[in-house]
Amino acid sequence: MVHQVQGVIARTKDAPVELTTILVPDPGPGEALVRVQACGVCHTDLHYKVGGIGDDYPYLLGHEAAGIVEAVGDDVVDVAPGDFVILNWRAVCGHCRACLRGRPQYCFNTHNATQKMTLEDGTELSPALGIGAFAELTLVAAGQCTKVDATAAPTAAGLLGCGVMAGIGAAINTGGVTRGDSVAVIGCGGVGDAAIAGAALVGAHTVIAIDTDEKKLAWAKEFGATHTVLVDPAAPADDVIEQVRALTGGFGVDVAIDAVGRPETWKQAFYLRDLAGTVVLVGVPNPTMTLEIPLIDVFGRGGSLKSSWYGDCLPSRDFPVLIDLYKQGRLPLDKFVSEEIGIGDVEAAFDKMHRGEVLRSVVVL
Numbered sequence: 001m002v003h004q005v006q007g008v009i010a011r012t013k014d015a016p017v018e019l020t021t022i023l024v025p026d027p028g029p030g031e032a033l034v035r036v037q038a039c040g041v042c043h044t045d046l047h048y049k050v051g052g053i054g055d056d057y058p059y060l061l062g063h064e065a066a067g068i069v070e071a072v073g074d075d076v077v078d079v080a081p082g083d084f085v086i087l088n089w090r091a092v093c094g095h096c097r098a099c100l101r102g103r104p105q106y107c108f109n110t111h112n113a114t115q116k117m118t119l120e121d122g123t124e125l126s127p128a129l130g131i132g133a134f135a136e137l138t139l140v141a142a143g144q145c146t147k148v149d150a151t152a153a154p155t156a157a158g159l160l161g162c163g164v165m166a167g168i169g170a171a172i173n174t175g176g177v178t179r180g181d182s183v184a185v186i187g188c189g190g191v192g193d194a195a196i197a198g199a200a201l202v203g204a205h206t207v208i209a210i211d212t213d214e215k216k217l218a219w220a221k222e223f224g225a226t227h228t229v230l231v232d233p234a235a236p237a238d239d240v241i242e243q244v245r246a247l248t249g250g251f252g253v254d255v256a257i258d259a260v261g262r263p264e265t266w267k268q269a270f271y272l273r274d275l276a277g278t279v280v281l282v283g284v285p286n287p288t289m290t291l292e293i294p295l296i297d298v299f300g301r302g303g304s305l306k307s308s309w310y311g312d313c314l315p316s317r318d319f320p321v322l323i324d325l326y327k328q329g330r331l332p333l334d335k336f337v338s339e340e341i342g343i344g345d346v347e348a349a350f351d352k353m354h355r356g357e358v359l360r361s362v363v364v365l
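Its first residue numbered 1, the sequence shown is counted upward by one per residue in full-length UniProt numbering.
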């Protein structure tokens, strides 16, 4: 059976998104059909729209989603119809060199649904991050479904599917932040604030939020920032570094997280950390960016320079735990939801995101 539903697509590079009819097949082996309840509007969707990720148009956008499993392939045993799930883009294979070494959070062979969703004329769609959840129904690999507490609000739970997990994981999984640490986060959008929330959750003593926007710094305080640094774009880069050192006894932080992903912000993160401190890059650079830094400084300052892939998360391990913390009132996922919108409002949500007016607009279906 093929299901006709409404979905949001990017038909061509940088064109306005369209709400149109898409065709979704019933699940085959290893697949699950999910009725989407809520899906966040993420920067990654915007990157797809403007051609920043690839040119496999048309794209079916949306990936930060939660919903109910409607049907599964005959061989699927880990999820069943009726399960409330968060969708993820790390369906681990269990067989690659990372999985066989006990590191499935780095799986190098993650997979998606085999069958294709299409337009009415048969044109195959490329689902964003293998998910495509700005739609009433979507077809994914069963491993992309993580069952969690069904009483969690879908609008909040779905955000763990990408940006919020990326930020929390950058702090806890990649950065290894623990009680008593000092942390600086550069860039206080959704991912940066999630890193702040993660650092606060595990007991970091000092959490410094850094941004050019006073409104974003106010948001950061709501997620656990203990100090803020307002960046003056006209001031020397060392100004931010000196302010952070002044807040940390002159030493710098134990973990510096770059949630922007630009050469200048990465250099700030590198130099505002303490000796033997850790730098975590979680902001996504564009392919043209390059970095130049004295190699003697890399050697002399020691520590670790890391990139965080999806917060180095393992969905089956991390999503249920984080949802439990949310239900206990210890993880403020609801605060990330700036507004709830309809499926026809995605283009307007992209504009608000670009202007920095929202942490997350969430499509409710």
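Don't be surprised by glycine CBs; every beta carbon is placed ideally from N, CA and C.
{"Check": "Return the Cβ separation of residue 87 and residue 336 in integer angstroms, given the expectation that the two are a contact with Cβ distance under 8 Å.", "Outcome": "17 Å between Cβ atoms; not a contact."}
{"Check": "Is the beta carbon of residue 358 less than 7 Å from the beta carbon of residue 352?", "Outcome": "yes"}
{"Check": "For residue 199 and residue 171, which I take to be in contact (beta-carbon distance under 8 Å), what is that distance rounded to the nearest angstrom?", "Outcome": "5 Å"}
{"Check": "Under a three-way DSSP split, which group does residue 275 fall into?", "Outcome": "strand"}
{"Check": "If you follow the alpha helix (DSSP H) that residue 243 is in, where does it begin and where does it stop?", "Outcome": "238-246"}
{"Check": "Check whether the Cβ atoms of residue 104 and residue 314 sit closer than 7 Å, and answer yes or no.", "Outcome": "yes"}
{"Check": "On the DSSP letters alone, give me the boundaries of the alpha helix (DSSP H) that residue 39 sits inside.", "Outcome": "Residue 39 -> not in any alpha helix (DSSP H); beta strand (DSSP E) instead, spanning 31-40."}
{"Check": "Taking 8 Å as the cut-off, does the segment 161-176 touch the segment 240-251 (at least 3 CB pairs, one atom from each stretch)?", "Outcome": "no"}
{"Check": "Measure how close the beta-carbons of residue 227 and residue 206 come, nearest whole angstrom, since I'm counting them as under 8 Å.", "Outcome": "7 Å"}
{"Check": "Spatial neighbours of residue 225 within its chain, please: CB distance less than 6 Å, with the 5 preceding and 5 following residues excluded, ordered by chain position.", "Outcome": "196, 207 and 209"}
{"Check": "Ignoring anything shorter than 3 residues or poking outside the segment 58-122, list the beta strand (DSSP E) runs there in chain order.", "Outcome": "64-72 and 84-87"}
{"Check": "Check each candidate in 76, 253 and 216 and name the one with the smallest Cα separation from residue 181.", "Outcome": "253"}
{"Check": "Does the distance from the CB of residue 40 to the CB of residue 73 come in under 7 Å?", "Outcome": "no"}
{"Check": "How would you label residue 289, buried or exposed, when you count the other beta carbons within 10 angstroms and need 16 or more for buried?", "Outcome": "exposed"}
{"Check": "Determine whether the beta carbon atoms of residue 77 and residue 186 lie at a separation below 7 Å.", "Outcome": "no"}
{"Check": "With the cut-off set at 7 Å, would you say residue 204 and residue 183 are in Cβ contact?", "Outcome": "yes"}
{"Check": "Considering only the beta carbon of each residue, do residue 110 and residue 97 sit closer than 7 Å?", "Outcome": "no"}
{"Check": "Could you tell me the alpha carbon to alpha carbon distance between residue 56 and residue 276, rounded to whole angstroms?", "Outcome": "43 Å"}
{"Check": "Using a Cβ-Cβ cutoff of less than 8 Å, which residues in the same chain neighbour residue 124 once the five nearest sequence positions on both sides are dropped?", "Outcome": "116, 117 and 118"}
{"Check": "Figure out for me which residue from 155, 192 and 340 has the closest Cα to the Cα of residue 326.", "Outcome": "155"}
{"Check": "Report the partner residues of residue 209 according to the DSSP bridge assignment.", "Outcome": "185 and 228"}
{"Check": "Run the CB neighbour count on residue 312, radius 10 Å, all protein chains shown included, and call it buried at 16 or more, exposed below.", "Outcome": "buried"}
{"Check": "With burial defined as no fewer than 16 other Cβ atoms inside 10 Å of the residue's Cβ, what is the status of residue 286: buried or exposed?", "Outcome": "exposed"}
{"Check": "Rounding to the nearest angstrom, what Cα-Cα distance links residue 256 and residue 263 in this structure?", "Outcome": "14 Å"}
{"Check": "Report all residues from its chain with a CB closer than 7 Å to the CB of residue 69; omit the five preceding and five following residues, and keep chain order.", "Outcome": "32, 34, 79, 80, 81, 82, 83, 85 and 145"}
{"Check": "Ends of the alpha helix (DSSP H) at residue 46?", "Outcome": "43-50"}
{"Check": "Please identify the residue among 3, 188, 19 and 221 whose C-alpha is closest to the C-alpha of residue 265.", "Outcome": "188"}
{"Check": "Quick one: what's residue 306 bridged to in DSSP?", "Outcome": "280"}
{"Check": "Alpha carbon to alpha carbon, how far is residue 36 from residue 341? Give it in angstroms, no decimals.", "Outcome": "14 Å"}
{"Check": "Going by DSSP, what residue range makes up the alpha helix (DSSP H) through residue 168?", "Outcome": "163-169"}
{"Check": "DSSP state of residue 265, grouped into three classes?", "Outcome": "helix"}
{"Check": "For residue 308, which residues from the same chain have a beta carbon less than 6 Å from its beta carbon, with the 5 sequence-adjacent residues on both sides left out?", "Outcome": "170, 174, 280 and 282"}
{"Check": "With DSSP collapsed to three states, give me the class of residue 214.", "Outcome": "helix"}
{"Check": "Sort out for me which residues DSSP pairs residue 339 with in a bridge.", "Outcome": "361"}
{"Check": "Looking at residue 38 and residue 364, is the spacing between their C-beta atoms short of 7 Å?", "Outcome": "yes"}
{"Check": "Determine the closest residue to residue 222 out of 13, 333, 67 and 44, with distance taken between C-alpha atoms.", "Outcome": "333"}
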